[in-house]
Structures are given as structure tokens and as C-alpha cells.
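Colleague: Before anything else, here's the structure in question.
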Amino acid sequence: MGLHPLEFSECYLDSPSFREKIKSHEAELDKTNRFIKELYKDGKNLINATKQLGMAQRKFAQNLGEFQFEYIGDAKTDDEKCIDESLQEFSSFLKNLEDQRELMMRNITETLMKPLEKFRKDHLGVVRAERKRYEKETEKYYSSLEKLLNMSAKKKEPQLQEADLQVENVRLHFQEESLEYVCKLQEIQERKKFECVEPMLAFFQTVFTFYHQGFELAKDFDHYKRALQINIQNTRSRFEGARSEVYELMKRIREAPQDYRQTSAISFEGYLYVQEKRPPPFGSSWVKRYSTFVKEQKILHMVTFDHRSGGKIGETESVTLKSCLRKTTDVLDRRFCLELDITDRPGTVLTVQALSEDDHKFWMEAMGGKEPFGHYLGRTYSKERGIDAQLDEVGLSFMKNSISAIETRGINDQGLYRVVGVSSKVQKLLSLMIDETNIDMDLSTSEDWDVKTITSTLKLYLRSLPEPLMTYGLYKEFISLAKGGSPESRIQAVHCLVHKLPERNRQVLGLLMKHLAKVAAHSKQNLMTVANLGVVFGPTLMRPQEDTVAAIMDLKFQNIVVEILIEHDEKMFTDAPESCPLSPAAPEFSAPTRQSKKLSRQSRPLAVYNPQALDIQTVVGDGPTLATDETSMGSNESVSSQSSSASASEISTEKNDHIPLSSSLISGSNSREPIAGSSLSAAPESQPASTTAEKEKPEESVTSRKAKAVFPCEAEHDSELSFQVGAIFNAVFKSREPGWLEGELEGKRGLIPENYVEFM
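Using full-length UniProt numbering, read the sequence shown as starting at 1 and increasing by one per residue.
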């Protein structure tokens, strides 16, 4: 049973049971007071502990925000950029969360701690004061009463009446105090129910608000979290691909280290032991130095480096080389030695020792010694695997046959193109399919070859080509555009580069990308998303000429290019690019091969020009003419395998970015049909095919037009002009020589290779 109610009438009786009831109420209030004091103390500890947690979390967030990953290479993929920025995102999330926690702590102080302490002091404290007064009045009343009752009856009546009056006043005051105290006790007993619980409710509301804010932050974070998970998955997949390539490269280098020796036309480097002569009787000593020889300047830079002393690097010494002679063992009792004649130290001969016989030969060749040694020219997959794969009609037929079989029999197979077939079966199938006698073999209906064998064979065919499908020449440009710029600019740049590919390469690439787009459309079943296909086909379609770790680090950018091709396959291979701005990296690449005037008229290809735009060029030679379907695809490139100027013409057409492609030429409209369909090789030598074509449309004069050099050129004949990049030509017009322009530079007039300039 709970506390007994205190009746006001009992204040007048002041019975023992009444006093017991009062004591029960007082004990309950004392317990409440102790509870609030303990709760307040625990609340303070909670706040302090939360502050410590907040400080620790903020320190953790600060460390996250200040750290940045360093990446191998000169650029990051979009996935890597997101991963790099993720630490700042995590830091920002934690700081935001701690801001909410700090607000919660302030609210707890205001809504819980202060109200409870106020109730304890203002109400429970008042009751304690009332209790002391009540006990004091009780003592005073009963003392007065006892004194009155002990008064002698023999006292005079006025004295007795005065005593009675005094006791009566004390009794009335005591009863009044008793009524007030009883009322206060019961009031506090009722008040504590809401005065204690209401702050607790506010406390939990504050806590729930904090957690709700955390929930809202988590909801806002969810989209970023999902995107980051995809970034991590893509990066992990690229890592696995790059790691396998690195291990494969390491294995090849371990088997033939000299084949991968870092050499170039500019310099050669490695360790040499240099003989340092000392005054007698000390003789001479041999000091290990890391040496770099710059061939063009014939300067040898040497720096002392001691691995045993923690890698301390000494000062660099440079000498100019006059000549290099091999030091024989009959002169010096040490192997692999060279004698260097130094021009800046007349009469001084420097003796150095290479590390091995092969190393000795490399240094001899680099320094112009008498024992030249051929450099490693790089490996090709076709030689390594012994497969003569070519990008010809047989190869194209195999591609179509394989794609048809895969789409018919296994488009929904999980891990399509990732699950590999048995190597021996793959080699056997490819050998069969690139044999002309098996060109009619239909893989769609053949049960002898499973889908994974066909997919592996298709990839092996592409890897076995003498040159990657996307060519060595355009590799750096493809990689460069993947390293920067907005997604829109990347798509445009890839579109332009695709149309720089040779016609057959672009045709096969378009066929493959259309197929891979279909594979990606079934990714819910086969689990091969665009990103996964990029990982598989990036190294297959693109690779550099040299095997290096730096090149392997660019695998991730290969994947990006392939992803763009798959996602936009219709645009890439159906429409010609509207404009192709000059890439900033373009001047760094080698200039295209010029059309040489040394070629005879019979062997030199003729060119068909669009007299208005000069941006579509069809090259023919003594061989078959260009087919109509190739022209209708919007090619602006040469297809003549006999012309060394084909690639140059392709670059030329892409440089004219301010002139849109002629839609009539691309679509093969009736107004231009004679160009696409006629046999240009039948045109008489006295009237080039280009002239025949131009008669169908009134020729626009290009006299007085200006052009700007985009590549440097050195004249081979007196009739040609020499110039550097950026040179401005005046009064430029087409020459009668196909592939050449005539123009004026610094008062001199002469011939200019058309593919070396762009019109202004």
C-alpha cells in the first residue's frame, strides 16, 4: 500500500498514527531527494563522458580529413578520385554527427539537469525548511503545555488566565504550522510525479532527436555510400587485373632481364665501378657510382651511392665523353672494363667497370664503342603464342561467327568473358577458325565448343593481333583523354579518336562494342556490367608497345575508354564526330609521315578531296577501289595499305576541327554518289580523280586563306618550305600535287604537306 493521506483534522489531534504518517511522507521525500542528487551526479558524469567521446571522435575525424592517398602514375580515375575524397566525406559526416551530439548535450543540461536540480532545491528544500519549523513549533507547544499543566493551582486567577492565554496562542500557532506543513507534504508528493518525470521525458526526446538526426544523416549518406561501394568494387577489380599483369611482367623480366633493360635514344643508365687513382703507395680504389649517359650531348653524370650506409647519396660529377674503348684483360686484370677519354680533362682517361658482360655490351653501344648490340624491340602476342592472327576477312568472319554463337547460346551465362576456357581447346579453336578452309564453320550450332571456350578464343584472337585493335599510335591519346576532363569532353574525344582508327579496325571495334553493349544489357543474368567488361577488354583492345609497370598502372584508364565505347556504341560507330578540338597532348606525338614527292605518279596514291571542307579523304592506289559501304560509314581515313601517308591523312582530317564533316559524304547521298561508287583508279593520270570529283560541285576558291602549322617540317627539296609548330602561312591554296598545299611563309613561296597544317 502507498502513503496514507494526511487529513487536516488530524492536525488538531496530533495522534501517534498521524505522526507515523508524517514520518512516512518525510522518508519518501528524503529518498526522492537522494535519488535526484545521485541522478544529477550521474548526469554530470554522462555529459563529461560524452564530451570526451565527442573530442575523441572529432580527433578521429580530423585525422581522416587530413590524410590523402598517393597514387602511382600521373592521374587518377574517377573511382580513385571518389575513394580519395571519401576520407574527407567520412570526416565531414563524423563532424556533423558530433555537432548534433554537442547540441544534445546542451539540451540535456537545459532540459534535465537544471529542472531536476531546481525541483530539489526549490521544493524539496522548502519542505525540509518547513519540517524544521514544524518540529520547532511542536517542541514549543508541548513545552508550553507541560509548563502550564505543571503550574500550581494556588496561583492567582489573573496569572492562570494569562498563562492559559499564552498556551492557547502557542497552540493556535502550532496547529496553523501543522496545517501548512501537512499541506506542503502532500503537495510535494503529488508535484514530484511530473516535476521529475517531465525532465526525463525531455531528456529522452533530446536523445531520440539526436538519433533521428543520425538516421537522417545516414539516409543522406546512403546514396554516397552506394556510389562509393561501386567505386571500391571497380577499383578492386582493376587492382586484380593490374596485379596479375604486374606479376606476369615480373615473371618475364626474371626469365630475360636483359631484354627489358631500360634503354632509349636519349640516355642510358646503371651502376659503374669507377677507378680512382691515389698517390703512391696507396694505389687505386674502385667506387660504385650510379651513372647516366646522355647520348646526344655525350655527357656522363655520375653520383656516388652507398647502399650499406642507409642509401646516402653523394654529389653528382659530370664529364663529357670523347671516345670509349674496351679495356682488355691483358692490360687490366679486371673484366668488363671500359676506357673513357674525357674532353673536359685533356689527357685524362677514366676507367670504369660494368657489372656483367651484357651490361658491358650495353654501355659499349650507348657510348659508341666497337661492340654495338641490338636493342630489344618489344614482344608481341602473336610471336609469343605462335599464332598468325590477322585483321583480315578471315578474322572478321571469325569475330562475327563467335559473336553470333555467344549471343545465341550464352548471352545470360554468369561471368561471360570472365570465366575462361581450357587453354589447349582455346588454342585449337583459334587455329581452326583463322584457317581459310574452315571459314564456313558455324559455332552457333556446333556442340563441340562450349561458350567459355568461344569467348576465350575471341579474346585470344584480339590479343594475338600484330597490333592492338585500337593501335599503338593512338594509345597515348586514348589514355590521356581518360585521365582528365568532364565526362562529356571524354565522350567527344573518344568519338574523335575512334574515327582516327583504320577503317578495318574501326569496323571490328564497332562490331565488338555493339555485342558488348548487348552483353551489358543482360547484366542482371550474366553479372557482366559495363565496368566488368571494361576490366576484361581494356588490356585486350589497348596496350603500349613497351612492357613497364607504369604502363600497367594505366590499365585502369584503358578500362574507362572501353566503358565509354560500350555505353555510347551507337554514337561512336554510327555518327561521325561533329568537331574534334586539337588535343593539348597532340604536339607531343610524332608528326605523321608526309606524302613523299619522291614517289612516282604510278605508285603514289591519289586523293579525293571535298573542295569545301577538305576533311574527308579517300586514298586509292593501284589496287581495288574503296567499297561503297565503307564510304557510307562516314570514314574520313585512308584504306590503302600501300600508302605510308594514310595515317597522316587521317590526322589531317581530324585537325580541321572548325569545319564540320560533310553530311552528304557521310551518308552517301545521291549528290556525291559518283565519288563513292566510281572507280577512281580508272581516272587518267593527266586528270587526277580528285579533279573529276570536284567538277560535280562548283569549286570554292581558297586563295588568300591562312593556315597554321601543327607539326614541324624540314624541307626535302628546294620547292618545299621548312617550318616549326605555330608558323602562319599566307595565300594558301591547294597544289596540283595531291596531298600538298602551296603557301607563303616569310616572303618565300613553296609546297606545304597538307596534313601538317590546319586552316585558320
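For each residue, glycine too, the CB sits at the ideal point set by N, CA and C.
1) Taking all protein chains shown into account, do 16 or more other C-beta atoms lie within 10 angstroms of the C-beta of Lys462, making it buried, or fewer, making it exposed?
2) If Phe537 and Leu516 are in contact, beta carbons under 8 Å, what's the gap, nearest whole angstrom?
3) Return the chain-ordered list of same chain residues with a C-beta closer than 7 Å to the C-beta of Gln353, the five sequence neighbours on each side being excluded.
4) Once the 5 residues before and after Ala586 are set aside, which same chain residues still bring their CB inside 6 Å of it?
5) Taking the alpha-carbon of Leu46 as reference, which of Thr109, Ser9 and Phe93 has the nearest alpha-carbon?
6) Could you work out which residue in Ile232, Asn48 and Gln166 is closest to Asp84 when comparing CA atoms only?
7) Straight-line CA distance for Tyr609 to Ser446?
8) Return the CA-CA distance between Gln724 and Val561, expressed in angstroms with no decimal places.
9) Going by DSSP in three states, Ala163 sits in which element: helix, strand or coil?
10) Please report the distance separating the alpha-carbon of Gln161 from that of Ser144.
11) Would DSSP call Val73 helix, strand or coil?
12) When burial is assigned at 16 or more other CB atoms within 10 Å of the CB, is Ala227 buried or exposed?
13) So which of Val426, Cys713 and Arg171 has the shortest CA-CA distance to Ser464?
14) For Leu53, is the classification buried or exposed, using 16 other Cβ atoms within 10 angstroms of its Cβ as the cut-off for buried?
15) Apply the 10 Å Cβ neighbour rule to Phe573 and answer buried if 16 or more other Cβ atoms are within range, or exposed otherwise.
16) On the premise that Ala242 lies in contact with Met553, defined as a C-beta separation below 8 Å, what is that separation, rounded to the nearest angstrom?
17) Pick out whichever of Glu102, Gly534 and Glu190 has its Cα sitting closest to the Cα of Met55.
18) Exposed or buried, which one is Phe208 when buried takes at least 16 other CB atoms within 10 Å?
19) Could you check how far apart the C-beta atoms of Ile454 and Ile406 are, in whole angstroms? I think they sit under 8 Å.
20) At what residues does the beta strand (DSSP E) containing Pro753 begin and finish?
21) Should Cys11 go down as buried or exposed, given a rule of 16 or more other Cβ atoms within 10 Å for buried?
22) Take Thr351 and list the residues in its own chain whose beta-carbon comes closer than 8 Å to its own, dropping the five residues that flank it on each side.
23) Judging by CA-CA distance, which residue of Glu248, Ala715 and Lys322 is the nearest neighbour of Tyr756?
24) Considering Ser285, what are the terminal residues of the beta strand (DSSP E) in which it resides?
25) Pick out whichever of Asp440, Ser397, Ser456 and Leu172 has its Cα sitting closest to the Cα of Gly415.
26) What residues are listed by DSSP as bridge partners for Cys713?
27) Taking three-plus beta-carbon pairs below 8 Å as touching, is the stretch 93–107 in contact with the stretch 164–181?
28) Using 8 Å for Cβ pairs, my map puts Arg490 next to Ile566. What's the rounded Cβ distance?
29) How far does the beta strand (DSSP E) with Tyr475 in it extend, from its first residue to its last?
30) Would DSSP call Leu172 helix, strand or coil?
31) Going straight from the alpha carbon of Cys324 to that of Leu481, what length do you get?
32) Could you have a look at Lys155 and say whether DSSP puts it in helix, strand or coil?
33) Let me confirm a value: Val498 is counted as buried when at least 16 other C-beta atoms fall within 10 Å, else exposed. Which label applies?
34) Should His123 and Ile22 be called a contact, given that it needs their Cβ atoms to be closer than 9 Å?
35) At which residues does the beta strand (DSSP E) containing Gln353 begin and terminate?
36) Going by alpha carbons, who is nearest to Arg58 out of Ala75, Gly73 and Phe90?
Modeller: Taking the definition as stated:
1) For the purposes of this step, residue 462 is identified with residue 462 of the sequence shown, where counting begins at 1. It is Leu, not Lys, that sits at residue 462 in the sequence shown. Classification of Leu462: buried, given that the 10 Å Cβ count is 16 or more.
2) Residue numbering aside, residue 537 sits at position 537 when the sequence shown is read from its first letter. Residue numbering aside, residue 516 sits at position 516 when the sequence shown is read from its first letter. Contact holds; Cβ gap of about 7 Å.
3) For the purposes of this step, residue 353 is taken as the residue at position 353 of the sequence shown. If we look at Gln353 and ignore the five residues flanking it on each side, its Cβ neighbours are Leu272, Tyr273, Trp286, Arg334, Phe336 and Cys337.
4) Mapped onto the sequence shown, residue 586 falls at position 586. For Ala586, the predicted model reports a pLDDT of 37, less than 50, meaning its position is unreliable and no value from the coordinates is stated.
5) Walking along the sequence shown from the start, residue 46 turns up at place 46. Of the candidates Thr109, Ser9 and Phe93, the one whose C-alpha sits nearest the C-alpha of Leu46 is Thr109.
6) Numbered from 1 along the sequence shown, position 84 holds the residue referred to as residue 84. With distances taken between Cα atoms, Asp84 lies closest to Ile232.
7) Mapped onto the sequence shown, residue 609 falls at position 609. Mapped onto the sequence shown, residue 446 falls at position 446. In this prediction, Tyr609 has a pLDDT of 29, which is less than 50 and means its spatial position is unreliable; nothing more can be read from the coordinates.
8) Position 724 of the sequence shown, counting from 1, holds the residue named residue 724. Position 561 of the sequence shown, counting from 1, holds the residue named residue 561. About 32 Å.
9) As a position in the sequence shown, residue 163 is number 163, starting the count at 1. Ala163: helix per DSSP, three-state reduction.
10) Looking up residue 161 in the sequence shown gives position 161. Looking up residue 144 in the sequence shown gives position 144. Going from the Cα of Gln161 to the Cα of Ser144 covers about 14 Å.
11) Position 73 of the sequence shown, counted from the first residue, corresponds to residue 73. First, the residue type needs correcting, since residue 73 is Gly and not Val in the sequence shown. Here Gly73 sits in coil by DSSP.
12) Along the sequence shown, one-based indexing puts residue 227 at 227. With fewer than 16 Cβ atoms within 10 Å of its Cβ, Ala227 is classed as exposed.
13) By one-based count along the sequence shown, residue 464 stands at place 464. Comparing Cα-Cα distances from Ser464 to each of Val426, Cys713 and Arg171, the minimum goes to Val426.
14) Residue mapping note: residue 53 aligns to position 53 of the sequence shown, counting from 1. Looking at its Cβ environment, which holds fewer than 16 other Cβ atoms inside 10 Å, Leu53 is exposed.
15) As a working note, residue 573 is residue 573 in the sequence shown. With 16 or more other Cβ atoms within 10 Å, it is buried.
16) Residue numbering aside, residue 553 sits at position 553 when the sequence shown is read from its first letter. Residue numbering aside, residue 242 sits at position 242 when the sequence shown is read from its first letter. Contact flag correct, Cβ pair sits at about 7 Å.
17) Against the sequence shown, residue 55 aligns to sequence position 55. Nearest option by C-alpha distance: Glu102.
18) For the purposes of this step, residue 208 is taken as residue 208 along the sequence shown, with counting starting at 1. Label assigned to Phe208: exposed.
19) Against the sequence shown, residue 454 aligns to sequence position 454. Against the sequence shown, residue 406 aligns to sequence position 406. Rounded, the Cβ-Cβ distance is 6 Å, consistent with contact.
20) Translated into positions along the sequence shown, residue 753 becomes position 753. Looking at the DSSP string, the run of the beta strand (DSSP E) that includes Pro753 is Lys748 to Pro753.
21) Indexing the sequence shown from 1 puts residue 11 at position 11. Classification of Cys11: buried, given that the 10 Å Cβ count is 16 or more.
22) On the sequence shown, residue 351 is found 351 positions in, with the first residue counted as 1. Result list for Thr351: Val274, Gln275, Lys327, Leu332, Cys337, Leu338, Glu339 and Leu340, in chain order.
23) Against the sequence shown, residue 756 aligns to sequence position 756. Among Glu248, Ala715 and Lys322, the Cα nearest to that of Tyr756 belongs to Ala715.
24) For the purposes of this step, residue 285 is taken as the residue at position 285 of the sequence shown. It spans Ser284 to Val294 - the beta strand (DSSP E) in which Ser285 sits, taken as one unbroken run.
25) The sequence position of residue 415 within the sequence shown is 415, counting from 1. The shortest Cα separation from Gly415 among Asp440, Ser397, Ser456 and Leu172 belongs to Ser456.
26) Against the sequence shown, residue 713 aligns to sequence position 713. Cys713 pairs with Phe723.
27) no
28) Residue 490 sits at position 490 when you count from the first residue of the sequence shown. Residue 566 sits at position 566 when you count from the first residue of the sequence shown. The Cβ separation is near 14 Å, so there is no contact.
29) Residue mapping note: residue 475 aligns to position 475 of the sequence shown, counting from 1. Segment Tyr475 to Ala482 is the alpha helix (DSSP H) holding Tyr475; no beta strand (DSSP E) there.
30) Numbered from its first residue, the sequence shown carries residue 172 at position 172. In this structure, Leu172 counts as helix in the three-state DSSP scheme.
31) In the sequence shown, counting from the first residue as 1, residue 324 sits at position 324. In the sequence shown, counting from the first residue as 1, residue 481 sits at position 481. The alpha-carbon atoms of Cys324 and Leu481 are separated by roughly 44 Å.
32) Working through the sequence shown from its first residue, we reach residue 155 at position 155. In the structure shown, Lys155 sits in coil (DSSP, three-state: anything other than H, G, I, E or B).
33) In the sequence shown, the residue the question calls residue 498 occupies position 498. Buried is the call here.
34) Translated into the one-based positions of the sequence shown, residue 123 becomes position 123. Translated into the one-based positions of the sequence shown, residue 22 becomes position 22. Their beta carbons are not under 9 Å apart, which means His123 does not touch Ile22 by this criterion.
35) Taking the sequence shown and counting its residues from 1, one reaches residue 353 at position 353. Val349 to Gln353 is the span of the beta strand (DSSP E), which, as asked, contains Gln353.
36) Position 58 of the sequence shown, counting from 1, holds the residue named residue 58. Measuring from the Cα of Arg58, the nearest candidate turns out to be Phe90.
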